[in-house]
Amino acid sequence: MNDNMTEQNAPKLDSVEDLLSYAFALEQEACDRYVELGELMAAHNNREVSELFKKMAKLEQHHADEIRELMEQKNVKESSSIQYQWSSPEGPETIDLGDLHYLMTPHQALNLALHNEERAFAFFDKIAKNTSDEETRSLAEKFAEEETEHVKWVMEWLTKQAAPEKGWDNDDDPPNLQD
Amino acid sequence: MSNITPTEVQMKPAEYKSGVTPIWCPGCGDYSVLLEITKALSAMALKPEDVAVVSGIGCSSRIPAYLKTYGFHGVHGRAIPLASGLKVARPDLTVICAGGDGDGFSIGGNHFLHACRRNLDITYIVMDNQVYGMTKGQASPTTEADWDSVLMPGGTGIRPFQPLVIALASGANFVARAFSGDVAGTTDTIIEAIRHPGFSFVQVLSPCVTFRPDQKLWRKQVRKAPVEYTTDPSTAARRIMTDDGFNLGILYRGDRPPYTLKTKNGGDKESTLGSEFQI
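Note that the protein sequences, when read in sequence, are chains A and B. In terms of numbering that gives the first Met the number 0, the first sequence has 118 at position 119, counting the first letter as 1, and numbering is strictly consecutive. In terms of numbering that gives the first Met the number 0, the second sequence has 128 at position 129, counting the first letter as 1, and numbering is strictly consecutive.
Okay, structure coming up:
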């Protein structure tokens with residue numbers, strides 16, 4: 000399990016229908032997680048990071064909606080999330096709940112997002128390289144390219160955010176003070 | 000497992016959430032356990048109204064509030080009595096009992112033993128972080144003897160409670176260990192625990208990032224158990240007692256029939272219940 004906690008291998012997919020199904024699950028899971036993280040950070044009064052996660056959620060939802068449209072055109076049904084056995088604990092574009100801190104800065108949040116966008120790119124890129132079906136390859140390459148766009152956006156946002164200063168996690172009134 | 004009525008249209012995991020925002024610390028393993036429970040309910044196509052989640056007190060015991068199923072946030076250490084009463088009165092419900100290591104093994108320790116012995120068809124999920132998080136970091140029954148902290152300088156010096164061995168020795172019909180960060184594995188384990196008849200006990204290693212930041216290393220320490228589950232309690236006991244606490248998966252499946260209420264001739268349900276549960 001150790002290595003699988005971060006690595007993501009892509010399944011060999013040889014039909015557009017299977018690819019769409021996986022892609023939708025990946026995007027929807029990422030979107031749901033960003034929504035959850037946005038609420039979580041709002042509950043801990045970290046509004047800046049909360050807004051950032053909500054913005055990422057919108058981005059992922061937009062992508063998921065586009066894929067859903069393609070699925071409808073090709074009459075592909077949405078499958079239960081349990082059927083997607085990612086090789087990492089969750090989907091390749093999903094932020095790990097264990098990577099958070101209530102005082103994290105937008106810079107750190109964007110770095111998490113960047114890591115996941117890069118994983119998503121690698122996922123589609125591997126599918127494109129491994130498939131024996133031309134139509135699947137072409138669509139996987141398109142998805143990989145879109146993830147590259149996301150990577151660029153996140154990197155651009157990152158340049159506008161200051162890196163966290165030393166002691167970013169210092170809290171004069173910490174919730175975990177041992178009396 | 001109770002008479003499960005699959006939903007006509009399978010609900011998505013997120014649809015099992017109540018909409019109440021959890022207030023656990025960011026990074027807490029309990030978020031993942033909540034996700035894993037919703038994934039399990041979705042995969043089993045259970046209707047929220049056919050499921051009840053019962054808890055005691057503690058960080059993890061907040062979980063019923065975050066679910067759309069029936070829920071009961073009870074008093075400290077009394078989740079199992081509540082769940083037992085509910086299961087006897089409403090055997091048609093899928094009853095999940097949830098909580099932490101302090102609630103389940105210390106304050107509610109005695110109930111834990113007898114629930115294993117009684118073998119009602121309940122799934123008990125303990126989110127074990129080896130600390131009392133809600134009350135700011137005291138040692139719990141499963142804390143290592145040498146865990147050094149402000150409150151326990153040098154550690155407690157007390158041997159930790161071994162929940163899986165105790166569960167097995169007390170008669171639990173299904174014993175498993177999971178890790179909150181292993182979403183797919185824990186979801187599968189919860190599904191199997193609910194499906195297995197009788198008292199199913201699942202210890203979920205769920206890191207407390209606030210008081211036990213060292214537990215972030217669990218991610219690197221856990222591994223799939225090297226062997227499949229056994230149906231032989233003595234083999235299971237030997238395996239559990241000799242592992243390092245990081246083997247994940249189903250460790251034991253028993254075949255004891257679960258407790259069911261046998262109404263005596265002419266007796267009503269209430270009087271039968273009273274005599275059956277007399278200590």
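From the three backbone atoms N, C-alpha and C, an ideal C-beta is built for every residue, glycine too. Nothing here was measured: the structure is a model prediction, and the numbers come from that model.
Endpoints, the alpha helix (DSSP H) within which residue 247 of chain B is located: Not the alpha helix (DSSP H): residue 247 of chain B falls in the beta strand (DSSP E), residues 246-252.
Close Cβ partners of residue 129 of chain A (< 6 Å) along its chain, the five nearest in sequence each way excluded: Apart from the 5 residues on each side of it in sequence, residue 129 of chain A sits with its Cβ closer than 6 Å to the Cβ of 11 in its chain, given in chain order.
Inter-stretch contact at 8 Å, needing at least 3 Cβ pairs: the stretch 245-252 of chain B / the stretch 213-227 of chain B: With a cut-off of 8 Å, the stretch 213-227 of chain B and the stretch 245-252 of chain B count as touching, because enough Cβ pairs lie within range.
Pair within 7 Å by beta-carbon distance, residue 126 of chain A and residue 9 of chain A: Less than 7 Å separates the beta-carbon of residue 126 of chain A from that of residue 9 of chain A.
Of the listed residues B:54, B:17, B:77 and B:86, nearest to residue 260 of chain B (C-alpha basis): Checked all of B:54, B:17, B:77 and B:86; the closest Cα to residue 260 of chain B is B:86.
Amino acids of chain B, ordered along the chain, whose beta-carbon sits closer than 7 Å to that of residue 31 of chain A: Neighbours of residue 31 of chain A in chain B, taken as residues at a C-beta separation under 7 Å, are given in chain order as 13.
C-alpha gap between residue 194 of chain B and residue 44 of chain B, whole angstroms: Using only the alpha carbons, I get a separation of about 12 Å.
Where residue 131 of chain B sits in the DSSP three-state scheme: Looking at residue 131 of chain B - three-state DSSP - the assignment turns out to be strand.
Endpoints, the alpha helix (DSSP H) within which residue 158 of chain B is located: Unbroken run through residue 158 of chain B: none, as it is neither H nor E.
Sub-7 Å separation of residue 220 of chain A and residue 63 of chain A beta-carbons: Look at the range of chain A in this structure, 0 to 178, and you will see that residue 220 of chain A is not part of it.
Buried or exposed (CB count within 10 angstroms, at least 16 for buried), residue 16 of chain B: Residue 16 of chain B counts as buried, since at least 16 other C-beta atoms from the protein chains shown sit within 10 angstroms of its C-beta.
Residue-level contact to chain B via CB, residue 179 of chain A, 7 Å cutoff: A query on residue 179 of chain A cannot be resolved here, the shown segment of chain A reaching from 0 to 178 and no further.
Under 7 Å from the C-beta of residue 38 of chain A: neighbouring residues of chain B: Residues of chain B with a Cβ closer than 7 Å to the Cβ of residue 38 of chain A are, in chain order, 20.
Short CB-CB distance (under 7 Å) between residue 96 of chain A and chain B: Between residue 96 of chain A and chain B, the shortest Cβ-Cβ separation is below 7 Å.
Contact check, residue 221 of chain B vs residue 126 of chain B, beta carbons under 7 Å: Pairing residue 221 of chain B with residue 126 of chain B gives a Cβ-Cβ distance that is not under 7 Å.
Residue from A:117, A:163, A:167 and A:168 with nearest C-alpha to residue 152 of chain A: Answer by Cα proximity: A:117.
Closest by C-alpha distance to residue 203 of chain B, when choosing among B:128, B:234, B:101 and B:257: It is B:128 whose Cα lies nearest to the Cα of residue 203 of chain B.
Within 7 Å of chain A by C-beta, residues of the stretch 174-192 of chain B in sequence order: Residues passing the 7 Å Cβ filter: 180, 181, 182, 183 and 186.
Neighbour-count burial assignment, residue 118 of chain B, 16 or more Cβ in a 10 Å radius: By the 10 Å Cβ count, residue 118 of chain B comes out buried.
Residue 6 of chain A to residue 197 of chain B span [Cα, whole Å]: Confidence in residue 6 of chain A is poor, its pLDDT being 48 and thus under 50, which makes the residue's placement unreliable; the coordinate value appears in the next sentence. For residue 6 of chain A and residue 197 of chain B, the distance between alpha carbons rounds to 37 Å.
Exposure label - residue 154 of chain A; buried when at least 16 CB within 10 Å: Around the beta carbon of residue 154 of chain A, a 10 Å sphere encloses fewer than 16 other beta carbons of the protein chains shown; the residue is thus reported as exposed.
Unbroken beta strand (DSSP E) run spanning residue 176 of chain B, endpoints: It spans 173-178 - the beta strand (DSSP E) in which residue 176 of chain B sits, taken as one unbroken run.
Residue 41 of chain B vs residue 12 of chain B beta-carbon contact at 7 Å: Judged by beta-carbon spacing, residue 12 of chain B lies within the 7 Å limit of residue 41 of chain B, meaning their Cβ atoms are closer than that value.
Cβ of residue 17 of chain B within 7 Å of any chain A Cβ: Using a CB distance cut-off of 7 Å, residue 17 of chain B does not count as an interface residue toward chain A.
Identified DSSP bridge partners for residue 15 of chain A: Under DSSP, residue 15 of chain A forms no beta bridge with any residue.
Buried versus exposed call for residue 38 of chain B [16 or more other C-beta atoms within 10 Å across all chains shown]: Counting of Cβ neighbours within 10 angstroms places residue 38 of chain B among the buried residues, the total reaching 16 or more.
3 or more residues per run - each beta strand (DSSP E) lying fully within the stretch 32-59 of chain B: Fully enclosed beta strand (DSSP E) runs of 3 or longer: 50-54.
Of the listed residues B:209, B:208, B:185 and B:174, nearest to residue 200 of chain B (C-alpha basis): Closest option to residue 200 of chain B, Cα to Cα, is B:174.
Residue-chain proximity (residue 30 of chain B, chain A), Cβ-Cβ < 7 Å: Closer than 7 Å to some Cβ of chain A, the Cβ of residue 30 of chain B qualifies, so yes.
Straight-line gap, residue 149 of chain A to residue 156 of chain A (C-alpha atoms, nearest Å): Answer to the nearest angstrom: the Cα atoms are 11 Å apart.
Backbone CA spacing between residue 237 of chain B and residue 171 of chain B [nearest angstrom]: Near 16 Å, if we compare the C-alpha coordinates of residue 171 of chain B and residue 237 of chain B.
Within 9 Å of chain A by C-beta, residues of the stretch 201-234 of chain B in sequence order: So the close ones are 206, 208, 209, 210, 215, 218, 219, 220, 221, 222 and 223.
Euclidean distance between Cα positions of residue 253 of chain B and residue 229 of chain B: Near 8 Å, if we compare the C-alpha coordinates of residue 229 of chain B and residue 253 of chain B.
Exposed unless 16 or more other CB atoms sit within 10 angstroms - verdict on residue 61 of chain A: When all chains shown are included, residue 61 of chain A counts as exposed.
Below-7 Å beta-carbon distance, residue 25 of chain B vs any chain A residue: Yes, residue 25 of chain B lies at the interface with chain A (some Cβ there is under 7 Å from its Cβ).
Option nearest residue 35 of chain B by Cα separation, candidates A:96, A:112 and A:103: Selected option, being the one with the closest Cα: A:96.
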